[in-house]
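Trainee: Residue 531 in full-length UniProt numbering sits at position 531 of the first sequence, and the numbers go up by one each step.
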Amino acid sequence: MLKKKKMCQHSNTLLHFLRHVSFPPDAHLLPSALKSCHAQPLARALHAAAAVSGLAEDPFVASSLLHTYIRLGATSAARVVFERMPDKSVVGWSALIAGYSARGDAEVAWGLLERMRSAGVEPNVITWNGLVSGLNRSGSALDAVKALVRMHGEGFLPDATGVSCALSAVGDVKEVSVGEQLHGYVVKAGCRLDQHVVTALIDMYGKCGRADEISHVFYESSHMDVASCNALVAGLSRNAQVSEALLLFSEFVSRGVELNVVSWTSIVACCVQNGKDLEAVDLFRKMQSKGIEPNSVTIPCVLPAFANVAALMHGRSAHCFSLRKGFLHDVYVGSALVDMYAKCGKVRYARTIFDAIPSKNTVSWNAIIGGYAMHGEAANAVQLFCLMQKCKQKPDLVTFTCVISACGQAGLTEEGRHYFNEMQHSHGISPRMEHYACMVTLLGRAGKLDEAYDLINEMPFEPDGCIWGSLLGSCRVYGNVFLAEVAAEKLFELEPENTGNYVLLSNIYASKKMWDGVNRVRDQMKNMGLKKEKGCSWIEIKNKVHMLSAGDSSHPMMTAITEKLKQLTIEMSRLGFAPSTDFVLHDVEEQEKDDILAVHSEKLAVALGLISTSPGTPLRVIKNLRICGDCHEAMKFISCFEGREISVRDTNRFHHFKDGKCSCGDYW
DNA sequence: ATAGGGTTAG
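#1: For L585, which of helix, strand or coil comes out of DSSP?
#2: Quick check on C320: buried or exposed, where buried means 16 or more other Cβ atoms within 10 Å of its Cβ?
#3: Please name the residue, chosen from G256, S289, R255 and E244, that lies closest to I267 on a Cα-to-Cα basis.
#4: Could you tell me whether the Cβ atoms of V90 and L66 are closer together than 8 Å?
#5: Between V226, L455, H418 and Y419, which has its C-alpha nearest Y436's C-alpha?
#6: Which of the three DSSP states is assigned to C391 in this structure?
#7: Exposed or buried, which one is S573 when buried takes at least 16 other CB atoms within 10 Å?
#8: Runs of 4 residues minimum, wholly inside the segment 350–438: which ones carry the alpha helix (DSSP H) assignment?
#9: Using DSSP with H/G/I as helix, E/B as strand and the rest coil, what is E451?
#10: Could you tell me how far apart the beta carbons of R620 and C344 are, in whole angstroms, since I believe they sit closer than 8 Å?
#11: Less than 8 Å between C-beta atoms, sequence neighbours within five positions excluded: which residues of the same chain meet that for V233?
#12: Can you list, in chain order, the residues of its chain whose CB lies under 7 Å from that of L585, leaving out five sequence neighbours each side?
#13: Leaving out five residues on either side along the sequence, give the residues of the same chain with a beta carbon under 8 Å from the beta carbon of A446.
#14: Report the option in A50, I70, L384 and S53 whose CA atom is closest to the CA atom of H38.
#15: On the criterion of 16 or more Cβ atoms from any shown chain inside 10 Å, does A33 qualify as buried, or is it exposed?
#16: Quick one: what does DSSP say F249 is sitting in, helix, strand or coil?
#17: Tell me the rounded alpha-carbon separation between residue 669 and E602.
#18: Does the count of Cβ pairs from the segment 320–336 and the segment 543–558 closer than 8 Å reach three?
#19: Using the Cβ count rule (16 or more neighbours within 10 Å means buried), how would you classify F284?
#20: What span of residues does the beta strand (DSSP E) with M547 cover, start to end?
#21: Hey, could you find the ends of the beta strand (DSSP E) H655 is sitting in?
#22: Looking at the structure shown, is I638 part of a helix, part of a strand, or coil, going by DSSP?
#23: Measuring straight from C-alpha to C-alpha, what distance separates T401 and G371?
#24: When the Cβ atoms of the segment 129–136 are set against those of the segment 165–172, are three or more pairs found closer than 8 Å?
#25: Considering only the beta carbon of each residue, do G334 and I299 sit closer than 8 Å?
#26: Please report the straight-line C-alpha distance between L568 and S549, rounded to a whole angstrom.
#27: Is it buried or exposed for Q591, if we count other Cβ within 10 angstroms and need 16 for buried?
#28: Can you have a look at K623 and say buried or exposed, based on whether 16 or more other CB atoms are within 10 angstroms of its CB?
#29: Spatial neighbours of A378 within its chain, please: CB distance less than 6 Å, with the 5 preceding and 5 following residues excluded, ordered by chain position.
#30: Could you give the first and the last residue of the continuous alpha helix (DSSP H) run that contains R485?
#31: Just to confirm before moving on: does the CB-CB distance between V440 and S470 stay below 8 Å?
#32: Among H375, G416, N361 and E642, which one has its Cα closest to the Cα of K392?
#33: Where are the alpha helix (DSSP H) runs, 4 residues long or more, that stay fully inside the segment 118–167, in chain order?
#34: Specify the secondary structure class of V621 as computed by DSSP and reduced to three states.
#35: Does DSSP classify K513 as helix, strand or coil?
#36: Report back the beta-carbon spacing between A487 and L472 to the nearest angstrom; my notes put them in contact at under 8 Å.
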């Protein structure tokens, strides 16, 4: 911002100079004036001044004008200057070719190259580099690679600059074989000592999915600068090598390499993209303690981490920070805030943020519609969906996933079916796996299990684990052993390591008192060496996120937590609020019945919340698995007995408990 | 007095 202001002041000085200086600008003065010119109108003014003084044809002035117009993106004006140049040198041709390449006009650029040759001027390495670089930067990576291949075919050996931008283009189109050839050339030509080349190689291999080569290139070169760090972290993140990225990042830090906001943003994003939310939160704090201020990219990168662990206080402070910095107008920041507030249980705040985003995009709309879906507010989701279309914003694949799942959460079976059809017939979007999964959930919830099974059989592609998992879940609710066995058989094949499926099937057998089945599934699990998935919950108390997991007694307050739970259990049975054993929905954790202390993590989290906050404070808990019926009943009791609003976000949706009732209407 | 390069994002 400041820089721009300075430039404007500078331009004003130049204009002032042009208007008031009594002697005419000369051929020596104009090129330096043009060099410092940063706006098209000023360039045109200088051009006019040159023309009036008869200097426009001077080779230096003309060349400066040409380069200035190219630099400012005024390609046509540059062309006019160029065509009038009496002696068209390789410099002029190169500039013009670079200009058209940077606009993505590959055809024009190639045409100029031909014209140049017929005029008897041969392109040099700089001409070629300009062509490759321009095409790459304009997003025509494929054209850039083509240009590079042709350059090589014509006997021009790319230098470090050429190789760098060619590698960047290769990464964008994932032409790893071309990349490898370039790598070979780099080794032969000896330019692998060039830092930019090393960085570009790391970037290219990262984008082409070759994590092994990233480390290889990095360890072979001994360069440790900001750029190589950024490329490394991004490359490793893309390839899910999060531990490697964290290790190398800390190495850069301890070596005293001066890392910038991009480096810190990259490592935060790396953690978020690879499921390390708490590490991301930690690194975000560390970044600030090192004096690096987050920018408008950092904020949307870190917000999903806050959202995932429901760190509302952190999210709120990111919101305030964005407000102070003027980031709220940024659609990325806005959409990420909408998502964060919705996932932290504050769907009203999410709406407020959403309404204030000046130019909303599909992601913004999806965030708010998905937010309403998560909270079971189907009417609002549908209303926003209609508004979206009124605002001429095209719904995409994600939008329909949100709308159909909203209908499913609220039991609007026919509406859901309607949107599923409309998606195909009115919007020309063919349903993908996730849409079928939503439909199976929707039909399953309504008890239309046979219809759900028919839909699965009609799918034009092989159903995945989510689809069968959804059917199995509905079978648990409606006690359909036959379809449960069909779904489970597929699931054991598709995702043999997913313990939740075994537990679910075992629970279905148990609910029907089919003990043979129960034992068979348990043996199967034991034989495969599978352990029950550990449930864990998070609760934010006074700006700190606490993680509690079932069977883990490492939390410092564990004695008090257990005491509180014991007391609640006593009160519960005293008041006749005994959980029905028949209503153990979605118990994917399966506690050992005889182990009284093995309590589901959400209960531990709520107990911690109860003893650490003042009476009446709402509690928000998030859980990595679905909430079980037992805990669901307990939460209803606690909300009533303790007079607290409790919200539990499980993998599926939000449950808002208040006065002994849940917003899901006991269906989930 | 006139030409060229790498890294981050829902």
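All residues carry an ideal CB built from backbone N, CA and C; glycine is no exception.
Please read these numbers as outputs of a predicted model, since none were measured by experiment.
Mentor: Reading from the atomic positions:
#1: Low per-residue confidence applies at L585: pLDDT is 38, beneath 50, and the placement is therefore not dependable, though the value from the model is reported in the following sentence. Three-state DSSP puts L585 in coil, outside helix and strand.
#2: exposed
#3: E244
#4: no
#5: L455
#6: coil
#7: exposed
#8: 362–374, 378–390, 397–410 and 413–425
#9: helix
#10: 7 Å
#11: A245, L248, F249, S263, S266, I267 and C270
#12: Confidence at L585 is low in this model, with a pLDDT of 38, below 50, so the placement of that residue should be treated as unreliable; the coordinate-derived value is given next. Same-chain partners within the cutoff: R476, V477, C628 and G629.
#13: G411 and T413
#14: I70
#15: buried
#16: helix
#17: Outside the displayed span of the chain (1 to 668) sits residue 669, for which this structure offers no information.
#18: no
#19: buried
#20: K544 to S549
#21: F654 to K658
#22: helix
#23: 12 Å
#24: yes
#25: no
#26: 19 Å
#27: Because Q591 sits at a pLDDT of 47, beneath the cut-off of 50, its placement in the model cannot be relied upon, and the following sentence gives the value as read from the coordinates. Buried, by the Cβ-count rule.
#28: buried
#29: A406, C407, A410 and L412
#30: Per the sequence presented here, residue 485 reads as Glu, with Arg not at that position. Element bounds for E485: V481 to L494.
#31: yes
#32: N361
#33: 125–137 and 141–153
#34: strand
#35: coil
#36: 4 Å
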